[in-house]
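Structure record follows, encoded as structure tokens.
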Amino acid sequence: MALPQAIESYRKQFRKIKLFQDITSILHWDSEVMMPPDGRVGRAQQIAAVSELTHEWMTSASFQSEIEAAKKAIAELPAENQSLCKRELEILQEDREKAAKLPASFVAEFAELTNLAHAEWASAKKEKDFNKFSKTLDKLVTLSRKQADYFGYTTEPYDALLDSYEKGARAESIQTLFTDLKTSLIPIVKDAPKFESAFSKPVPISFQEKFCKRLPAILGLTENESRLDVSSHPFSTSLGKGDKRITTRYSETDPLSSIFGVLHETGHSLYESGLSAMPDYPNPITEFLSLGIHESQSRLWENQVGRSKSFWEFVYPILLSDFQMKESELPFDKLYKSINSTEKSKIRVEADQVTYNLHIILRFEIERDLINGKIQVVDLPEIWNSKIKEFLQLNVENDAEGVLQDIHWSMGAFGYFPTYTLGNIYSSQFFQKFESSHPGYKKEFAVDGNFKSLLNWLRENIHLKGKLYEVNDLIKQITGETPNSRFLISYLKSKIQEVSEN
1358 MALPQAIESY RKQFRKIKLF QDITSILHWD SEVMMPPDGR VGRAQQIAAV
1408 SELTHEWMTS ASFQSEIEAA KKAIAELPAE NQSLCKRELE ILQEDREKAA
1458 KLPASFVAEF AELTNLAHAE WASAKKEKDF NKFSKTLDKL VTLSRKQADY
1508 FGYTTEPYDA LLDSYEKGAR AESIQTLFTD LKTSLIPIVK DAPKFESAFS
1558 KPVPISFQEK FCKRLPAILG LTENESRLDV SSHPFSTSLG KGDKRITTRY
1608 SETDPLSSIF GVLHETGHSL YESGLSAMPD YPNPITEFLS LGIHESQSRL
1658 WENQVGRSKS FWEFVYPILL SDFQMKESEL PFDKLYKSIN STEKSKIRVE
1708 ADQVTYNLHI ILRFEIERDL INGKIQVVDL PEIWNSKIKE FLQLNVENDA
1758 EGVLQDIHWS MGAFGYFPTY TLGNIYSSQF FQKFESSHPG YKKEFAVDGN
1808 FKSLLNWLRE NIHLKGKLYE VNDLIKQITG ETPNSRFLIS YLKSKIQEVS
1858 EN
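Sequential numbering from 1358 applies to the sequence shown in the working numbering.
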């Protein structure tokens, strides 16, 4: 059926904006994976220019006129299609109004500063010296507070930034959810077992690469639509339909790090691949719902699947072959316990699934106070080290293993961190529902290496829903209740019991 001209016209402009946003993603991907160091300044200017251009298109009066004309044209559609198109335009109107609150000059300034800040952060981290990054971070905090003022807020500035990553979320509600989680986690961490590494000798990176490149396809992300590369900080990004990029990093002494990096990032890309399969992609409904939902997909594949016995029963022979190891050198039981070991760590990306959320709660509390003006940038190392001591009883030796360890603040991504723990909460809730409706899945995983039942369930219930619903509404629709950390606590307790008894 031909669409009314007004709807076709608005969608044409939206797709042009989306194409240029994908171009920005390509520039970012290249700067992390391929670009020589001396290209940083020029790349920052390129990203700033494209970001400013897409912002101008998004907020232009002419695009608003096209949107208004499309709204009127909804009445020309068949009755069964009207509500869907109405939702599509509601999402776009909300996004456009939010973008319009930011002056184009501010968008360009922010994009350029964050790209330059990455290099300064990386250098400061290498030299283990926060002072070499503090001035730039102070500028980023100032701009982020300014951004919050542009967006507007009712209770606190941090809410305005949080809303950009988890629409509708409020810091006060998250604080309550996280406080309950922290109270439950601390005794669990205390009692959780620690097992020694299963690897008694280094594993060459070339062996790890061979195994890691198999993993996306095993889970359902084909080689035709994805590629795996190396970066200093693992990430995934969508560069358009049929083009999903994944990165990881390798350590000869810790091969599990690269493996779980790939499983995690593949989860993100599987979600993006599902969104790309939605009808009329791209349009405002085919965007990811929230970063918490996005993170739930990566965490589910990394933890509920990737740390399960049924998954490892299937991939264990493949791992032995690719790592050129004998079973006697890497016994299955020892490997499985190592995968599910709990050990306090100062480094978030090295944290196990039991302690990980304490790292996120720490960061949430710090950046909330930072944006709200309760603490200052100069005080961050001392505050960070104090909280690590409080939460995990560990002493930070230098800034690289403390306040400088994460890339996010150099990206100006204040409000991003809490979505990691929200993702863990959501993923446990989702997987419990999948388990109850697919009792035979463990055999499918372990014997056949078949993960289609899970992927299809995620596609049907989450991926192909895009932005049709709000976060809490979608979760309640799938699981019967709103987000609740008891599913995550139950999962962690059962996992600890499983590995302790074997």
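A virtual CB, placed ideally from N, CA and C, is assigned to each residue, including glycine.
Please read these numbers as outputs of a predicted model, since none were measured by experiment.
| query | CA-CA distance, G1823 and I1650? | reply | G1823 and I1650 have their C-alpha atoms spaced approximately 10 Å apart.
| field | E1433 versus F1791 - alpha carbon distance | value | Distance from the CA of E1433 to the CA of F1791, rounded to the nearest whole angstrom, comes to 40 Å.
| Range of the contiguous alpha helix (DSSP H) that encloses K1601 | Counting along the chain, K1601 falls outside any alpha helix (DSSP H), though it belongs to the beta strand (DSSP E) covering 1601–1605.
| task | Taking only the alpha-carbon atoms, compute the straight-line gap between S1743 and K1547 and give it to the nearest angstrom. | result | Between S1743 and K1547, the C-alpha separation is close to 19 Å.
| task | Enumerate in chain order the residues of its own chain whose CB-to-CB distance from K1691 is below 6 Å, with the five nearest sequence positions on each side excluded. | result | Non-local C-beta neighbours of K1691 in its own chain, meaning closer than 6 Å and more than five positions away in sequence, comprise A1555, ordered along the chain.
| task | Could you tell me whether the segment 1699–1718 touches the segment 1758–1766, using the rule of 3 or more Cβ pairs below 8 Å? | result | Verdict: yes, contact present.
| task | Excluding the 5 residues preceding and the 5 following A1574 in the sequence, name in chain order all residues of the same chain whose CB lies nearer than 7 Å to its CB. | result | When the five nearest sequence neighbours on each side are left out, the beta carbons in the same chain lying within less than 7 Å of the beta carbon of A1574 are those of E1580, in order along the chain.
| Beta-carbon contacts of N1807 that lie in its chain and below 8 Å, excluding the five residues immediately before and after | In the same chain as N1807, and ignoring 5 residues on each side of it, the C-beta atoms closer than 8 Å to its own belong to E1801, in chain order.
| CA nearest to the CA of L1538, picked from K1570, Q1661, L1715 | Of K1570, Q1661, L1715, the residue nearest in Cα terms is L1715.
| For V1637, three-class secondary structure by DSSP | Here residue 1637 turns out to be Asp, not Val, going by the sequence shown. Collapsing the DSSP output to three states places D1637 in coil.
| Hey, out of R1720, L1384, Y1638, K1492, whose CA is closest to F1371's CA? | Distance from the Cα of F1371 is smallest, within the candidate group R1720, L1384, Y1638, K1492, for Y1638.
| message | Taking 8 Å as the threshold (C-beta atoms), are T1776 and E1652 in contact? | response | Cβ atoms of E1652 and T1776: closer than 8 Å.
| field | Burial state of Q1504 (16 or more Cβ within 10 Å) | value | Q1504 counts as buried, since no fewer than 16 other beta carbons sit within 10 angstroms of its beta carbon.
| Are three or more beta carbon pairs between the segment 1660–1676 and the segment 1518–1530 nearer than 8 Å? | Segments in contact, no.
| request: Tell me whether Q1362 is buried or exposed, calling it buried when 16 or more other Cβ atoms sit within 10 Å of its Cβ. | output: Per the 10 Å Cβ criterion, exposed.
| Short check: CB of L1812 to CB of G1577, under 8 Å? | Yes, these two residues count as a Cβ contact at 8 Å.
| field | 8 Å Cβ cutoff met for T1610 and E1622 | value | Going by C-beta atoms, T1610 is not nearer than 8 Å to E1622.
| Beta-carbon proximity check, L1849 vs V1735, cutoff 8 Å | For L1849 and V1735, no; Cβs fall outside 8 Å.
| task | Identify whether T1712 lies in helix, strand or coil by the three-state DSSP scheme. | result | In the structure shown, T1712 sits in coil (DSSP, three-state: anything other than H, G, I, E or B).
| What residue does the beta strand (DSSP E) around S1593 start on, and which one ends it? | Element bounds for S1593: 1593–1595.
| query | To the nearest angstrom, how far is it from the Cα of N1841 to the Cα of L1749? | reply | Distance between the alpha carbons of N1841 and L1749: 24 Å.
| task | Name the residue from K1492, A1456, D1495 whose alpha carbon lies nearest to the alpha carbon of F1508. | result | Restricting attention to K1492, A1456, D1495, the CA atom closest to the CA of F1508 is found in A1456.
| task | Please list, in chain order, all residues of the same chain as T1594 whose beta carbon is under 8 Å from its beta carbon, the five residues on each side excluded. | result | Closer than 8 Å at Cβ, skipping near neighbours: S1382, H1385, W1386, K1601, R1602.
| field | D1586 (DSSP reduced to helix, strand or coil) | value | Look at D1586 here: in three-state DSSP terms it is strand.
| query | In whole angstroms, what separates the C-alpha of L1751 from that of W1741? | reply | Using only the alpha carbons, I get a separation of about 11 Å.
| field | First and last residue of the uninterrupted alpha helix (DSSP H) at S1847 | value | Its alpha helix (DSSP H) spans residues 1843–1858.
| field | Cut-off 7 Å between Cβ atoms - residues of its own chain near K1666, not counting five sequence neighbours on either side | value | Excluding five sequence positions before and after K1666, the CB atoms of its chain that fall closer than 7 Å to its own CB belong to Y1693, given in chain order.
| task | Starting from the C-beta of L1648, find all residues in its chain whose C-beta is less than 7 Å away, skip the five residues before and the five after it, and write them out in chain order. | result | Hits under 7 Å: Y1522, E1523, Y1773, T1776.
| request: Starting from F1802, trace the alpha helix (DSSP H) both ways and give me its first and last residue. | output: Here F1802 belongs to no alpha helix (DSSP H), and DSSP marks it neither H nor E.
| query | Between the segment 1493–1501 and the segment 1785–1799, are three or more C-beta pairs nearer than 8 Å? | reply | In this structure the segment 1493–1501 does not lie against the segment 1785–1799, because fewer than three pairs of beta carbons, one per stretch, are closer than 8 Å.
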